[in-house]
Every structure is written in C-alpha cells, then in structure tokens.
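According to UniProt numbering, the sequence shown holds residues 1 to 89 in order. We treat Cβ as the ideally placed atom computed from N, Cα and C, and that holds for glycine. Bear in mind the structure is a predicted one, so any value in this text is a computation, not a measurement.
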Amino acid sequence: ELPNCINRELIDNAAVDFVLNLNTKNNRKKLTRVLFSVARTRLDLLPFYSRFAAILYPVLPDVCVELCQMLKQDFKYHVRKKDQINIES
C-alpha cells in the first residue's frame, strides 16, 4: 500500500492507519526495511516516505532510529567501497 501513497493526504492516512492497526514489532521491522529499500525507479516516493517517518517518530522512534542506522551504514559502505561506479544504487 505504501508505494501507492503519492500525496500528503494519503501518506498521512497511511501513517495513522499503521499506528492504530498495524503497530507490532514485526510490522515495524518490515516497515523499516520497506522505507530503506526504495527502488531506484521510484525516487519520487522519497519525500513521502520521509514524511511518513517524521509522522511516526514521536510515537514510534525505534522505526526512525533503525532507518537512520541503516542509511548511515549503507552510506559508509558506498564511501569505503573501492569501486565507486555503483555509488548511486
């Protein structure tokens, strides 16, 4: 459902729905992986996923903290990697 949220109202409703109906530890881990693994062809979703994470942060800070750790690790991996051709992937 998340990739279909292409405006602010839909992403806001999805965030509220997640907190009220889907808020389990397993679902939070799945959500973190989904937010982290955005397809390169769908970069238009990044602002909406950022908004989604920002909405969840006051209620579920563990999702955002884990997402930030994953992003930092991926960034460090690409910076340290000798072959810089795939740095944008």
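Shown here, A15 sits in a helix according to DSSP, grouped into three states. Contact between F52 and I11 holds: CB atoms are separated by about 5 Å, below the 8 Å threshold. Between R28 and V59, the CB-CB gap reaches or exceeds 7 Å. In the DSSP assignment, N26 falls within the unbroken alpha helix (DSSP H) covering K25 to F36. Between L45 and V38, the C-beta spacing is below 7 Å. In the three-state scheme derived from DSSP, where H, G and I count as helix and E and B as strand, I6 is classed as coil.
Rounded to the nearest angstrom, the Cβ distance from A14 to L31 is 10 Å, too far for a contact under 8 Å.
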